[in-house]
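Numbering (the numbering used here), first residue to last: 571 to 666.
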């Protein structure tokens, strides 16, 4: 179901409460970096797909391709896909 090289959702089988996991890392004075491969875009199975699709004006329930030259894409990308996780404790994004 998931593409192994991209994604913006936590695997709930491995991290049933990712916020508690991030908090535990922070409580142990660890910094959190997540690695991303955004070139595949945003897939329909992502937790934040509906919000991202609405912001991008996508109504066909299809994967949203990566468009690096589009300011709206980048603003929505960071606001919807990154900032919520930063509020949860992510310190740094390693983008390949």
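Glycine residues also receive a C-beta, built at the ideal position from the N, C-alpha and C atoms. These numbers were taken from a predicted model, which means no experiment stands behind them.
- Here the alpha carbon of residue 597 sits roughly 29 Å from the alpha carbon of residue 575.
- Look at the stretch 571 to 633 and you find these whole runs of alpha helix (DSSP H), each 4 residues long or longer: 588 to 597, 619 to 626.
- Only residues of its own chain outside the window of five on either side were considered, and among them 662, 664 have a CB closer than 6 Å to the CB of residue 603, listed in chain order.
- Taking all protein chains in view, the Cβ of residue 623 is crowded by 16 or more other Cβ atoms within 10 Å, so the residue is classified as buried.
- Shortest Cα-Cα distance from residue 580 to any of 601, 630, 606, 635 involves 606.
- With respect to the C-alpha of residue 614, the residue from 608, 582, 632, 599 having the closest C-alpha is 632.
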